[in-house]
């Protein structure tokens, strides 16, 4: 059989445009809808919001804004090409456009997608930090930015971007989900991806309505401290899969429960570090 016959006329197949291509377009649109406004906020860095900045230092806008946009364009072009190549397999999956499930089935499927994707992403992300070659050549790209803003969420190597996208499709393919449910899921996933990089922990941020989601502080600490906090949505995985929570993140949560703002929490951390250095210096000076 002519292998090229698999792709012959695929661009005339409506399902090709509805499944992989529309899913990619909706995914990117959802990311930009969240990322762009928060990137503008980071660019303006209004005084009224500075007390909510998780890291009290300037955003790396001038250095990484245009490269982030460039990565978004290139990564999505590469991903689109990979979807074209994999179309013969994708069209064999159970993802469909038939009867839409009842609402509680949709909710159950979305919860399953979150749990599965987070579990898979935790291990992929963790391994990218443990494997020196992957860390140096692939994952280090994303970690060039220490104090992120919204548009930086998709600043990563194209291989990492493609692997992350593949993990997103695992759940829908396993369940043979309706295409509308797939679209709901990728929107949710990209909203989290953008929100995790906005750099502000604002109480009225609507993503706090998502159960168990801690907002941008969880992933922001990963960028600031480099190791730990490896999951995407749910921080409980760090507790039960390897005790990989970042200690400063746990202290932040404790201080936040006491009603402190990010600014006050960081000032407290700096003062504690200063006191520790002073105590160590005094101890060393004693005969």
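In our numbering, the protein residues as written are 369 to 655.
No residue lacks a Cβ here, since even glycine has one placed at the ideal position from N, Cα and C.
Can the beta-carbon of residue 425 be found closer than 8 Å to that of residue 630?
Taking a C-beta distance under 8 Å as the contact criterion, residue 425 and residue 630 do not qualify as a contact pair.
Given this structure, state the Cα-to-Cα distance separating residue 641 from residue 635, to the nearest angstrom.
Cα to Cα, residue 641 sits roughly 10 Å from residue 635.
By the three-class DSSP mapping on this structure, what secondary structure does residue 523 have?
Three-state result, residue 523: coil.
Flag this pair as touching only if the segment 424-444 and the segment 511-525 have three or more C-beta atom pairs under 8 Å; answer yes or no.
Because the criterion of three Cβ pairs below 8 Å is met, the segment 424-444 and the segment 511-525 touch.
At 4 residues or longer, and completely inside the segment 445-496: list those alpha helix (DSSP H) runs for me, N to C.
For the segment 445-496, whole alpha helix (DSSP H) runs of length 4 or above, ordered along the chain, are 455-458.
Count the other C-beta atoms from every protein chain shown that fall within 10 angstroms of the C-beta of residue 639, then say buried if there are 16 or more, exposed otherwise.
Classification of residue 639: exposed, given that the 10 Å Cβ count is below 16.
Is the segment 490-498 touching the segment 463-481 in the sense that three or more CB pairs, one from each, lie closer than 8 Å?
No, they do not touch.
Rounding to the nearest angstrom, what Cα-Cα distance links residue 563 and residue 384 in this structure?
Taking the straight line joining both Cα atoms gives about 30 Å.
On the CB-based measure, 16 or more other CB atoms within 10 Å of its CB, does residue 369 come out buried or exposed?
Bear in mind that the predicted position of residue 369 carries a pLDDT of just 46, short of 50, making it too unreliable to give a figure here.
Which two residues bound the contiguous alpha helix (DSSP H) that contains residue 546?
According to the DSSP assignment, residue 546 belongs to no alpha helix (DSSP H), since it is labelled neither H nor E.
On a Cα-Cα basis, can you pick out the residue from 622, 617 and 625 that is closest to residue 423?
Of the candidates 622, 617 and 625, the one whose C-alpha sits nearest the C-alpha of residue 423 is 617.
How far does the alpha helix (DSSP H) with residue 387 in it extend, from its first residue to its last?
Unbroken run through residue 387: none, as it is neither H nor E.
In this structure, what does DSSP give as the bridge partners for residue 642?
Answer is none; residue 642 lacks a bridge partner.
So residue 599 packs on residue 486, CB below 8 Å; how close in whole Å?
Yes, they are in contact, since the Cβ atoms of residue 599 and residue 486 sit about 5 Å apart, within 8 Å.
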